[in-house]
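Take any residue in the sequence shown, count from 1 to its spot, add 2: that is its number in the numbering used here. Backbone N, C-alpha and C define an ideal beta-carbon position, used for all residues, glycine too. Quick caveat: nothing in here was measured; it's all calculated off a predicted structure. Okay, so here's the structure we're looking at.
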Amino acid sequence: MSLPFLSTQCIFNTDDDNKIKKEIKNDLDSTIEKVKVLWEKNNLDASAKSQIDVNNLNNESIKNELKFYNNSNYSVEIESISRDELEGNISVKFVLKNLTPLVTSKHKTVTFSGFKSDKLKQQEIIKQLNNDVRNVKITIDNIWDKYISDISQNELFYSGYNKNKYDVVFKKWTKNTNEIRITFILKDKRTKLESNNWTYTLSGFKTNHNTNGETKEDLDKIAEGISFDVDNKANILSSEINEYSQLKVFDLDDTKYKINYTNLEHTETTLKAYYQISNKENIISDEYVYEIEGFKTSTIPSVSPTLASSKIRIGMWNVLNLSQKSAVFKKYALASIIDKLNLDLIGIIENKTEASAQSFCEYLKTFTGNNNWEVIASNSSIHNLRLESNSKQHECPAFLYKKNILEVEKFDNGKNWLGYDNSTFVGNETDGSIGYVRPPMGVKFRTKGQIKNNFTFVIDHFDSPGAKKDNSETDSQISGQGTQEADEAFNLKNVMDWFDKHDGENDDLFFMGDTNIKLNNQRKAFDKILSDQYYKSLLNDDEQSKTSLKAKWNEYSEPYDKIFFKSNLKYENASFYPLYNVFNDGYIKNYATLNEWKTYINKTYKSGDAGFIKSAISDHCPIYFDLILSANDDK
Numbered sequence: 003m004s005l006p007f008l009s010t011q012c013i014f015n016t017d018d019d020n021k022i023k024k025e026i027k028n029d030l031d032s033t034i035e036k037v038k039v040l041w042e043k044n045n046l047d048a049s050a051k052s053q054i055d056v057n058n059l060n061n062e063s064i065k066n067e068l069k070f071y072n073n074s075n076y077s078v079e080i081e082s083i084s085r086d087e088l089e090g091n092i093s094v095k096f097v098l099k100n101l102t103p104l105v106t107s108k109h110k111t112v113t114f115s116g117f118k119s120d121k122l123k124q125q126e127i128i129k130q131l132n133n134d135v136r137n138v139k140i141t142i143d144n145i146w147d148k149y150i151s152d153i154s155q156n157e158l159f160y161s162g163y164n165k166n167k168y169d170v171v172f173k174k175w176t177k178n179t180n181e182i183r184i185t186f187i188l189k190d191k192r193t194k195l196e197s198n199n200w201t202y203t204l205s206g207f208k209t210n211h212n213t214n215g216e217t218k219e220d221l222d223k224i225a226e227g228i229s230f231d232v233d234n235k236a237n238i239l240s241s242e243i244n245e246y247s248q249l250k251v252f253d254l255d256d257t258k259y260k261i262n263y264t265n266l267e268h269t270e271t272t273l274k275a276y277y278q279i280s281n282k283e284n285i286i287s288d289e290y291v292y293e294i295e296g297f298k299t300s301t302i303p304s305v306s307p308t309l310a311s312s313k314i315r316i317g318m319w320n321v322l323n324l325s326q327k328s329a330v331f332k333k334y335a336l337a338s339i340i341d342k343l344n345l346d347l348i349g350i351i352e353n354k355t356e357a358s359a360q361s362f363c364e365y366l367k368t369f370t371g372n373n374n375w376e377v378i379a380s381n382s383s384i385h386n387l388r389l390e391s392n393s394k395q396h397e398c399p400a401f402l403y404k405k406n407i408l409e410v411e412k413f414d415n416g417k418n419w420l421g422y423d424n425s426t427f428v429g430n431e432t433d434g435s436i437g438y439v440r441p442p443m444g445v446k447f448r449t450k451g452q453i454k455n456n457f458t459f460v461i462d463h464f465d466s467p468g469a470k471k472d473n474s475e476t477d478s479q480i481s482g483q484g485t486q487e488a489d490e491a492f493n494l495k496n497v498m499d500w501f502d503k504h505d506g507e508n509d510d511l512f513f514m515g516d517t518n519i520k521l522n523n524q525r526k527a528f529d530k531i532l533s534d535q536y537y538k539s540l541l542n543d544d545e546q547s548k549t550s551l552k553a554k555w556n557e558y559s560e561p562y563d564k565i566f567f568k569s570n571l572k573y574e575n576a577s578f579y580p581l582y583n584v585f586n587d588g589y590i591k592n593y594a595t596l597n598e599w600k601t602y603i604n605k606t607y608k609s610g611d612a613g614f615i616k617s618a619i620s621d622h623c624p625i626y627f628d629l630i631l632s633a634n635d636d637k
C-alpha cells in the first residue's frame, strides 16, 4: 500500500484527520521495513575496510554518502549515527516522514560492519570483566531468619562492583536443602561486552530440626502424586492460563508443604505445570511436571492456508554437522534464523542422526513458542551400505514442518518417507557401483485448510567437490568437479522419476540440496534434468547466487545449493539468505552485534570473525521459495 497523494498540501476535515494519519502511519511503518540503505564504503574490499577507523569518519560525510531505496515518496530523516570502535561497526538510525500532515514512522537501524576493530582493547575489557565478576558479593537481609524455599530473586542484593560501569545480569539459580547457587554475569554498560558466567553460593539459611524424619525421597513421592486442574477449561484456551493462581492443586496438604512453581508450558490443547515442593524443615523435592488436558481448541485459522491466494514457504539448509552434542549457541542461532525466515517447511542436511533431528525439533518448539513444529527424520537405514558403517560421510536428512499447515502423506508402499535405493543410478563418468554416497530422502506432504495441495519434497547432500585421490576418484570432464558428484548431478532426473513412481498421482516434485556443483557448471552437470521440459532451476548459476561461505568475513565461495522445481503450481521469492548478514538484519534473537555473539560463544576460531558464523552456525546459506497454493490443482 502506498499513499503518495497524501504527501501534497491538503486541508483535512477534523473528523477524518486522525483516520488519515493512522493510515499514513501504517504505510510508513510498512514501507520502512522495505527500505534498503547502501553506502559506498561498505562495498570496499574487506582488507581496505578493515583499515578504516570509524572514529575518523565524519557524520555529515556519512549522511551525504548514504543512499536510501524503496522509501516511496517519503522523506528520510537520519536521527543518529553511532560507532562501535571495538567491533568496527557504524549504525545508522533513521525514520521516514510524511510532511503534510506530519507523520513519522517507527525507527529502523542498519549496521555496517567490517571496519577497523580494536581486538586488543576488547580482550582487555573482557579480561577485566572476568576479574571483576569474581569480586561481586550477594547477600540477603536477615538470611539466618529465612528458609531457602521462601527466597525470591528480588531479595538478592549485589555488591562489590562499580555500579556506574557495570550491570549485573542474573542467569539462573539452583536451590537445595542447605544453599542457593546463583549464576550471573557482569555487563559493561558502554561497550555491552559481558564476562563469563560466575556462580556465587549462598548459605546460612534458617533450618528446622527434622522432627518428623521426612527425607527428600519422601517429598519426591508426595510431589509425584500431586495433580492439577483448571476451572471451566473446556471453554477456555490453554494460552489464557498465565498465572499460577489459576491452577487448582489436589493431593497436597498445604498445611505441611509449600508448592514452588518453576514454569508453565502451553500447547494447543494442554498445559504443563512444572513445580517442586518443600516442607517446613526446608527439604526441597526434585522438579516434576504435570500435564493438564481438555482445554478448548482454537477455532481461528490464523496460520492455516485457507485462501486461494495462500502460500507456504519451503526451505532447505545444510546445518553443518548437527548432532545431539551440538553446542546450545548453534541450535539457538539455527532456530532464530529459521523463525526469522518464516519457514513452514525446511529440509535439513548434515544432520547426523534421527535423534539429533528430533532433539532439535524440540528445541525449535521451545525457542519459537510454537508447538506446531514437527519432525520426520531418516535413520541409519538410509545409509549407503557400500560405505563403512562408521564412515563420517553418513548423514540422516530430516524435514521440520508446521503440523497446523502441513501433514505427511504416505507413499504408495505405505511409508512416511523414502530413501532413494540407487536402483536406477546410471554410471556416466564412474562405473555407477556406489550410487549416491548419501542417498536422497523424500517425503510427500499435503497442505491443510480449504486448499489441499500435495507435493513430494526431496533433499540431498551430494559428494564433496573435487576428485578425492584417497578414494581413487578421478577428475570429471566438468571443470573442477570430481566424477562422483558429477554423476550424482547427472542422475538427479533418475532420482526424481523414482520418487514420482512411488507418490501416486501427485505431479508436483521439488528437489533442494547442497550439490557441490561449482560456479558455471550447472548447465552441464544437470543437463539431463534441465533438458526435461517440466523441470526448472529456481536459483541462478552466477556470482550473486553463491551460497557457501568463505573463511573470510562477508565473502561467499560457490553456488552449491540448488532448487529444481516441477509443478503446475506457481512460485515466488526463490532465494537464499546471506548468512553473514545476520547481525545487520537482527536475525539472531537478542544478539544485535557480532561482538555480543562472540562474547556469548566465548571461544576462538582459526578463521577469525568469519568462524563465529561459518563454524559456529553453518558454512551454507539457507535457501527457500514460496509455493502459491491453488484450489484448481488436484494432483
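Over the uninterrupted alpha helix (DSSP H) stretch that includes phenylalanine 614, give me the two end residues.
Taking the sequence shown and counting its residues from 1, the one referred to as residue 614 is at position 612. 613 to 616 is the extent of the alpha helix (DSSP H) around phenylalanine 614.
Would you list the one or two residues that DSSP bridges to phenylalanine 401?
As a first step, residue 401 is located in the sequence shown; it is residue number 399 there, counting from the start. Phenylalanine 401 is bridged to Gly349 and Ile378.
Endpoints, the beta strand (DSSP E) within which arginine 448 is located
Here residue 448 refers to the residue found at position 446 of the sequence shown. Per DSSP, the unbroken beta strand (DSSP E) holding arginine 448 starts and ends at 443 to 449.
Can you tell me where the alpha helix (DSSP H) with tyrosine 589 in it begins and where it stops?
The residue you call residue 589 lines up with position 587 of the sequence shown. First-last for tyrosine 589: undefined, no H or E at that position.
9 Å Cβ cutoff, glutamate 42 in contact with chain B:
You won't find chain B in this structure, because it holds only one protein chain.
So within the region 89 to 177, which uninterrupted alpha helix (DSSP H) runs reach at least 4 residues, ignoring any that extend past its ends?
121 to 134
Go through its chain and collect everything with a Cβ distance to aspartate 231's Cβ below 8 Å, but skip five positions before and after it.
Here residue 231 refers to the residue found at position 229 of the sequence shown. So the list reads Leu249, Lys250, Phe252 and Ile294, once near-sequence residues are dropped.
In chain order, what residues of the same chain have a beta carbon less than 6 Å from the beta carbon of lysine 51, not counting five sequence neighbours either side?
Against the sequence shown, residue 51 aligns to sequence position 49. These residues qualify, in order along the chain: Gly116 and Phe117.
What do you reckon, are the CB atoms on phenylalanine 512 and serine 539 nearer than 9 Å?
The residue you call residue 512 lines up with position 510 of the sequence shown. The residue you call residue 539 lines up with position 537 of the sequence shown. The answer is no: Cβ separation not under 9 Å.
Among residues of its own chain, excluding the 5 on either side of glycine 206, which ones have a beta-carbon nearer than 7 Å to its beta-carbon?
As a working note, residue 206 is residue 204 in the sequence shown. So the list reads Ile145 and Trp146, once near-sequence residues are dropped.
Where glutamine 130 and lysine 218 are concerned, what is the direct C-alpha to C-alpha distance, given to the nearest angstrom?
Numbered from its first residue, the sequence shown carries residue 130 at position 128. Numbered from its first residue, the sequence shown carries residue 218 at position 216. Near 42 Å, if we compare the C-alpha coordinates of lysine 218 and glutamine 130.
Where leucine 309 and isoleucine 453 are concerned, what is the direct C-alpha to C-alpha distance, given to the nearest angstrom?
Start at 1 with the first residue of the sequence shown, and residue 309 comes out as number 307. Start at 1 with the first residue of the sequence shown, and residue 453 comes out as number 451. Confidence in leucine 309 is poor, its pLDDT being 35 and thus under 50, which makes the residue's placement unreliable; the coordinate value appears in the next sentence. Distance between the alpha carbons of leucine 309 and isoleucine 453: 7 Å.
Do you know whose CA, among Ala329, Asn66, Ser49 and Ile26, lies nearest leucine 40's CA?
Numbered from 1 along the sequence shown, position 38 holds the residue referred to as residue 40. Among Ala329, Asn66, Ser49 and Ile26, the Cα nearest to that of leucine 40 belongs to Asn66.
Counting C-beta neighbours from all protein chains within 10 Å, is the total for phenylalanine 172 16 or more, i.e. buried, or is it exposed?
In the sequence shown, the residue the question calls residue 172 occupies position 170. That one is exposed.
Using the C-alpha atoms, what's the distance from tyrosine 582 back to valine 56?
For this step, residue 56 is matched to residue 54 along the sequence shown. For this step, residue 582 is matched to residue 580 along the sequence shown. Going from the Cα of valine 56 to the Cα of tyrosine 582 covers about 20 Å.
Rounded to whole angstroms, how far is the Cβ of lysine 258 from the Cβ of lysine 223, which I believe are closer than 8 Å?
In the sequence shown, the residue the question calls residue 258 occupies position 256. In the sequence shown, the residue the question calls residue 223 occupies position 221. Actually they do not touch by this definition, with Cβ atoms about 14 Å apart.
For the candidate residues Ile92, Asn234 and Ser287, whose alpha-carbon lies nearest to that of serine 151?
Taking the first residue of the sequence shown as 1, we reach residue 151 at position 149. Minimum Cα distance to serine 151 is reached at Ser287.
If tyrosine 292 and serine 247 are in contact, beta carbons under 8 Å, what's the gap, nearest whole angstrom?
The residue given as residue 292 occupies position 290 in the sequence shown. The residue given as residue 247 occupies position 245 in the sequence shown. In fact, because the Cβ distance is near 16 Å, the residues do not count as touching under 8 Å.
Below 8 Å, can you find three or more Cβ-Cβ pairs linking the region 544 to 563 to the region 490 to 499?
no
Cβ-Cβ distance between tryptophan 175 and valine 135 below 9 Å
One-based indexing of the sequence shown puts residue 175 at position 173. One-based indexing of the sequence shown puts residue 135 at position 133. Against a cut-off of 9 Å, the Cβ pair of valine 135 and tryptophan 175 comes out as no contact.
So the candidates are Leu239, Phe114 and Glu245; which of them puts its Cα closest to the Cα of glutamate 87?
Position 85 of the sequence shown holds residue 87. That would be Phe114, whose Cα lies nearest to the Cα of glutamate 87.
Exposed or buried, which one is asparagine 556 when buried takes at least 16 other CB atoms within 10 Å?
To locate residue 556, count along the sequence shown from 1; it is residue 554. With 16 or more other Cβ atoms within 10 Å, it is buried.
Check whether glutamate 226 and tyrosine 290 have beta carbons under 9 Å apart:
In the sequence shown, residue 226 corresponds to position 224, counting from 1. In the sequence shown, residue 290 corresponds to position 288, counting from 1. Closer than 9 Å, so yes.
Using only the alpha-carbon positions, how far apart do valine 445 and isoleucine 339 sit?
Within the sequence shown, numbered from 1, the residue matching residue 445 stands at position 443. Within the sequence shown, numbered from 1, the residue matching residue 339 stands at position 337. The straight-line gap from Cα to Cα measures roughly 23 Å.
Taking the C-alpha atoms as reference points, what is the distance between glutamate 35 and threonine 111?
Here residue 35 refers to the residue found at position 33 of the sequence shown. Here residue 111 refers to the residue found at position 109 of the sequence shown. Cα to Cα, glutamate 35 sits roughly 10 Å from threonine 111.
Look at glutamine 641 and lysine 470 and say whether their C-beta atoms are less than 9 Å apart.
Examination of residue 641 is not possible in this model, given that the chain is present from 3 through 637 alone.
Pull up the CB-CB distance for glutamine 326 and serine 361, whole angstroms please, since I reckon it's below 8 Å.
Translated into positions along the sequence shown, residue 326 becomes position 324. Translated into positions along the sequence shown, residue 361 becomes position 359. Their Cβ separation, rounded to whole angstroms, is 6 Å, which keeps glutamine 326 and serine 361 in contact under 8 Å.
Check isoleucine 228 in the structure and name its three-state DSSP category.
In the sequence shown, the residue the question calls residue 228 occupies position 226. It is coil, neither helix nor strand.
Minimum C-alpha distance to serine 32 - residue among Glu62, Phe70 and Ser107
Position 30 of the sequence shown holds residue 32. That would be Ser107, whose Cα lies nearest to the Cα of serine 32.
Counterpart residues of arginine 525 in DSSP-defined beta bridges
What you label residue 525 is simply residue 523 of the sequence shown in a count that begins at 1. Paired residue(s): none; arginine 525 is not in a bridge.
Supposed close pair glutamine 395, arginine 440 - CB separation, criterion 8 Å:
Residue mapping note: residue 395 aligns to position 393 of the sequence shown, counting from 1. Residue mapping note: residue 440 aligns to position 438 of the sequence shown, counting from 1. About 6 Å; that satisfies the 8 Å criterion.
Can the beta-carbon of threonine 458 be found less than 9 Å from the beta-carbon of aspartate 502?
Looking up residue 458 in the sequence shown gives position 456. Looking up residue 502 in the sequence shown gives position 500. Their beta carbons are under 9 Å apart, which means threonine 458 touches aspartate 502 by this criterion.
Would you kindly report the start and end of the unbroken beta strand (DSSP E) that includes threonine 432?
Indexing the sequence shown from 1 puts residue 432 at position 430. It is not in any beta strand (DSSP E) - threonine 432 carries neither H nor E in the DSSP assignment.
At which residues does the beta strand (DSSP E) containing valine 460 begin and terminate?
Along the sequence shown, read from residue 1 onward, the residue named residue 460 stands at position 458. Run containing valine 460: 456 to 463, per the beta strand (DSSP E) assignment.
Whole-angstrom Cβ separation of serine 312 and leucine 631, contact assumed at under 8 Å?
Position 310 of the sequence shown holds residue 312. Position 629 of the sequence shown holds residue 631. Contact holds; Cβ gap of about 5 Å.
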